[in-house]
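Asker:
In the numbering used here, the protein residues as written are 75 to 447.
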């Protein structure tokens, strides 16, 4: 006899059959249904219009209702937005009319089984070997790291790769809206937010999970993405003993990333003056890794690694670029060539590898570090 889960999976396969080939295609990273008769996919960072279509608007809507039923949630005119996960871990977002003007919108972010490491980033020329070494040392030094970038730049993938430098003996709590991170360490606890049901019951926010995580004796807390008032809890925990934490944020520059964290902190229910929020963010964040996607070839690269080091006399964030990407033209097949290079600046924590007895890890980044005199 088939299990309930097997029945649902077979049902999902049936309802999603018009886009089934894309869900099975490893070269496709995202499937975007803009109404029943228009389907785009993303391959290698570029969008492509396909010939796929659902038989009718009702067929697409039925597929969305089937996904909602699978995850035990409701989607209707009163609750026109659905966030869910398919059996294989792919992330689903749907919006139905009247909120969606052209018909039902369905977006599926494919779940990647293969975990990219920093070695892979170096091989793909998205990161230099020196930057890899620098990240490994900074993680060992328990620096708080923000991965910043726009939509689809690969923030979660890079965060996952950098997290591999966390020592195996540490206890890590991972908090996400929808589980995507797959850490290499054995001692990891994964927490996932939950939407409330039709009666407002059973919901769990990122913020509630974050507060709960601090009672679980974590050595580090990794938040998949901060997008609301939980930013304040995260920033305060970074300051008060949970250093070495990491998260991602939607922003196009390191400065924008800090301002975004500040703004999100003000969205909490704590009545906080702006200057206090700014001072706390400035104290908490040590490093911003900026990602960009090049529209020319769809490639995603680290464009800047920047240290944030407090506020100046005018209460403005202070930054120091440590690595900057230099464009080097294109390859023979039209791919953008860029090299992430040091630019002569040292971080304010330049002597810490020596003070923490990890100087033996310095091989490619000698110019960034300096023994204490």
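C-beta: ideal position from N, C-alpha, C; glycine also.
Taking 8 Å as the limit between beta carbons, can you name the residues of its chain near residue 192, skipping five residues before and five after?
Answerer: Hits under 8 Å: 201, 206, 209, 210, 235, 236, 238 and 239.
Asker: Helix, strand or coil, according to DSSP, for residue 101 in the structure here?
Answerer: Reduced to three states, the DSSP call for residue 101 is coil.
Asker: Exposed or buried, which one is residue 182 when buried takes at least 16 other CB atoms within 10 Å?
Answerer: buried
Asker: What are the residues that DSSP puts in a beta bridge with residue 322?
Answerer: 221
Asker: Locate the alpha helix (DSSP H) running through residue 354, then write down its first and last residues.
Answerer: That run of the alpha helix (DSSP H) goes 348-358.
Asker: With respect to the beta strand (DSSP E) encompassing residue 123, which residues constitute its N-terminal and C-terminal limits?
Answerer: 120-123
Asker: Of all the CB atoms in chain B, is at least one closer than 8 Å to the CB of residue 162?
Answerer: The structure shown has no chain B; it contains just one protein chain.
Asker: Is the number of C-beta pairs between the region 309-320 and the region 286-299 that are closer than 8 Å three or more?
Answerer: yes
Asker: Use the C-beta contact count for residue 286: other C-beta atoms within 10 angstroms, 16 or more gives buried, fewer gives exposed.
Answerer: exposed
Asker: Exposed or buried, residue 386, counting other C-beta atoms within 10 Å across all chains shown (16 or more means buried)?
Answerer: exposed
Asker: What is the DSSP secondary structure of residue 94, counted as helix, strand or coil?
Answerer: helix
Asker: Quick check: what's the CA-CA separation for residue 157 versus residue 219?
Answerer: 27 Å
Asker: I want to know whether the region 375-391 touches the region 322-339 - three or more CB-CB distances under 8 Å.
Answerer: yes
Asker: Scan the region 133-210 and note each continuous alpha helix (DSSP H) run of 4 residues or more that stays entirely inside, going in chain order.
Answerer: With a minimum length of 4 residues, the continuous alpha helix (DSSP H) runs that stay inside the region 133-210 are 192-197.
Asker: Could you tell me the distance, in whole angstroms, from the CA atom of residue 363 to the CA atom of residue 378?
Answerer: 6 Å
Asker: Return helix, strand or coil for residue 395, following the three-state DSSP convention.
Answerer: strand
Asker: Can you grab the Cα-Cα spacing for the pair residue 135 / residue 172, in whole Å?
Answerer: 12 Å
Asker: On the three-state DSSP scale, how would you describe residue 364?
Answerer: strand
Asker: Taking residue 102 and residue 116 to be in contact with their CB atoms under 8 Å, please state how far apart those CB atoms are, rounded to whole angstroms.
Answerer: 7 Å
Asker: Give a yes or no on whether the C-beta atoms belonging to residue 438 and residue 203 are separated by under 8 Å.
Answerer: yes
Asker: With a CB to CB cut of under 7 Å and the five nearest residues on each side skipped, what residues in its chain are close to residue 524?
Answerer: As displayed, the chain neither begins before 75 nor continues past 447, which places residue 524 out of reach and without an answer.
Asker: Among the residues of its own chain, which have a CB less than 6 Å from the CB of residue 155, if the five just before and after it don't count?
Answerer: 169
Asker: When DSSP labels each residue in this structure, what does residue 268 get in the three-state scheme?
Answerer: strand
Asker: Apply the 10 Å Cβ neighbour rule to residue 280 and answer buried if 16 or more other Cβ atoms are within range, or exposed otherwise.
Answerer: buried
Asker: In the DSSP assignment, what residue or residues form a beta bridge with residue 108?
Answerer: Under the DSSP definition of a beta bridge, residue 108 partners with 179.
Asker: Thinking C-beta only, is residue 365 closer than 8 Å to residue 227?
Answerer: Judged by their CB atoms, residue 227 and residue 365 are nearer to each other than the 8 Å cut-off.
Asker: Would residue 147 and residue 432 be called neighbours here (beta carbons separated by less than 8 Å)?
Answerer: no
Asker: How long is the line joining the alpha carbons of residue 107 and residue 178, rounded to whole angstroms?
Answerer: 8 Å
Asker: Is the beta carbon of residue 292 closer than 8 Å to that of residue 260?
Answerer: no
Asker: In the structure shown, what three-state DSSP assignment does residue 422 receive?
Answerer: Coil at residue 422, not helix or strand.
Asker: Kindly indicate which three-state DSSP category residue 114 falls into: helix, strand or coil?
Answerer: strand
Asker: Using a Cβ-Cβ cut-off of 6 Å (strictly less than) and excluding sequence neighbours within five positions of residue 222, which residues of its own chain qualify?
Answerer: 323, 325, 331, 362 and 364
Asker: Work out the CA separation of residue 447 and residue 185 for me, nearest whole Å.
Answerer: 49 Å
Asker: In chain order, what residues of the same chain lie with their CB nearer than 6 Å to the CB of residue 141, ignoring the 5 residues before and after it?
Answerer: Sequence-distant Cβ neighbours of residue 141 in its own chain, meaning closer than 6 Å and more than five residues away, are 158 and 166.
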